[in-house]
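**Q**
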Amino acid sequence: QLQLVETGGGLVHAGGSLRLSCTASRSTFGNHIMRWYRQPPGKQRELVASISTSGMTNYADAVKGRFTISRDNAKNTVYLQMVNLRPEATAVYYCNAHSPITQRQYWGLGTQVTVSS
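Sequential numbering from 8 applies to the sequence shown in this note's numbering.
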């Protein structure tokens, strides 16, 4: 089992920045593809960004150029740096870990991000 805990959410004005963190409970974190998802109010969960075990990143078109995903395997932590936030970024942000070997996936409980206009 891999437990994930997200932190860093909060209330910010449009144009502001936040950095989300997701810390895993085990050092096998480094063997997992890490993803950030978000679920806006009344909408389905959507993929925001991902980072492979080797550090390759991918982003949803809506956040390219403004969000940056990174990982620190020594700290078992993945980050999502968000700048120039827009009100449509308001959502619960979830951390996801996916093992490409076992295909198991793990989820955190989420952290709320609210961007006021």
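We put the beta carbon where it would ideally sit given N, CA and C, even for glycine.
Thinking C-beta only, is Ile58 closer than 8 Å to Ser77?
**A** Against a cut-off of 8 Å, the Cβ pair of Ile58 and Ser77 comes out as a contact.
**Q** Looking at the secondary structure, which residues open and close the beta strand (DSSP E) in which Leu9 lies?
**A** Element bounds for Leu9: n/a, residue is neither H nor E.
**Q** Rounded to the nearest angstrom, what separates Ala98 and Ala81 at their Cα positions?
**A** The alpha-carbon atoms of Ala98 and Ala81 are separated by roughly 29 Å.
**Q** Go to Val105, then tell me how far its beta strand (DSSP E) extends in each direction, as first and last residue.
**A** The question names Val, but residue 105 is His in the sequence shown. Element bounds for His105: 98–105.
**Q** What span of residues does the beta strand (DSSP E) with Phe36 cover, start to end?
**A** Neither: Phe36 is in no beta strand (DSSP E) and is coded neither H nor E.
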